[in-house]
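Working notes, structure below.
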Amino acid sequence: MRASLLICLVFIACLAGCGGSATDPTTSSEPDVAAPSVGQTDTPAVAEQQVPTEPAVSAAQPLEVDPGIVESPEMTQEIAPPEAEPLAIPDATPAAPEPSETASPDAQRIKADVGVGAKGRGLDKFQGGVLVTPAKAYFTLRERAIFQVQIPQAMQMYQALHGTAPESHDQFMKEIIQANQIQLPELPAEQRYVYDPQAKELMVERPTR
């Protein structure tokens, strides 16, 4: 009885030993690959790229302009405000009234001729002086040239162009005297030149004595 039990145990032990030596089907026959060392598996760290930053522009530092860029006149021209038109100021001095065709009761009119000028007549009181006679002769010749030559010639030319003589004092002074640059002699105080359109003559109006 004991002998048979011992034989069974030996048989079971043999079966167990054969089973342990058999190849495990789940175990891979390929040799294990050695795991790399920690130093080998570590990849080199990628250097962090440093993005260059532009330096901050100071507020007080002027910006540099490329010389190749030319600014157009429209960009640089400043818009000027519209100019204010000056206010028209009326003339404070009223226009001198035109002399009447007839002399006033307190005045008389004589034809403008040699001797009406103030400078020639002012030398009468110095009659006989060394320089008086030549001076009076000069003013006499000057007045004769104006009243007897220049004005008559200007009147003839005006009548030839317009077919008539000046019709007013202002027209005579503008078309005859100013247009021909005639320098009328200066008159004594309280006297003035007056053109008579009816007589077609330049007159001198002076107070009645």
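Taking this note's numbering, the leading residue of the sequence shown gets 2, the next gets one more, and so forth.
Here a beta-carbon is modelled for each residue, glycine too, at the ideal position from N, C-alpha and C.
Which of the three DSSP states, helix, strand or coil, is assigned to residue i?
i, result
"Arg-193", "strand"
"Lys-201", "coil"
"Glu-144", "helix"
"Glu-206", "strand"
"Gln-109", "strand"
"Asp-114", "coil"
"Pro-135", "helix"
"Ala-155", "helix"
"Ile-183", "coil"
"Ala-14", "helix"
"Ala-166", "coil"
"Leu-7", "helix"
Nearest to residue i by alpha carbon, out of the options?
i, options, result
"Arg-110", "Pro-153, Ala-155 and Met-204", "Met-204"
"Pro-186", "Gln-157, Leu-10, Ala-119 and Ile-8", "Ala-119"
"Lys-137", "Val-117, Leu-10, Ile-178 and Tyr-194", "Val-117"
"Leu-188", "Leu-10, Tyr-139, Glu-144 and Asn-181", "Glu-144"
"Ala-190", "Ile-183, Glu-206, Gln-184 and Ile-178", "Glu-206"
"Ala-155", "Gln-192, Phe-12 and Ile-183", "Ile-183"
"Pro-153", "Gln-192, Phe-12 and Glu-202", "Glu-202"
"Gln-179", "Ala-161, Gln-151 and Phe-12", "Gln-151"
If we ignore side chains and look at the alpha-carbon of each, how far apart do residue i and residue j end up?
i, j, result
"Asp-107", "Thr-209", "6 Å"
"Ala-14", "Leu-7", "11 Å"
"Met-174", "Lys-112", "16 Å"
"Leu-142", "His-163", "30 Å"
"Ala-35", "Phe-12", "Low local confidence applies: a pLDDT of 47 at Ala-35 is under 50, so the model's placement there is unreliable, and no value is given."
"Phe-140", "Ala-161", "31 Å"
"Gln-157", "Ala-146", "16 Å"
Taking Cβ to Cβ, would you say residue i is nearer than 7 Å to residue j?
i, j, result
"Asp-171", "Phe-148", "no"
"Tyr-194", "Glu-176", "no"
Would you say residue i reaches chain C, if we count a Cβ-Cβ gap shorter than 7 Å as a contact?
i, result
"Leu-203", "The structure shown contains no chain C; it holds only a single protein chain."
* To do: May I ask you to verify whether the stretch 167–178 touches the stretch 197–209, counting CB pairs closer than 8 Å and requiring at least 3?
  => yes
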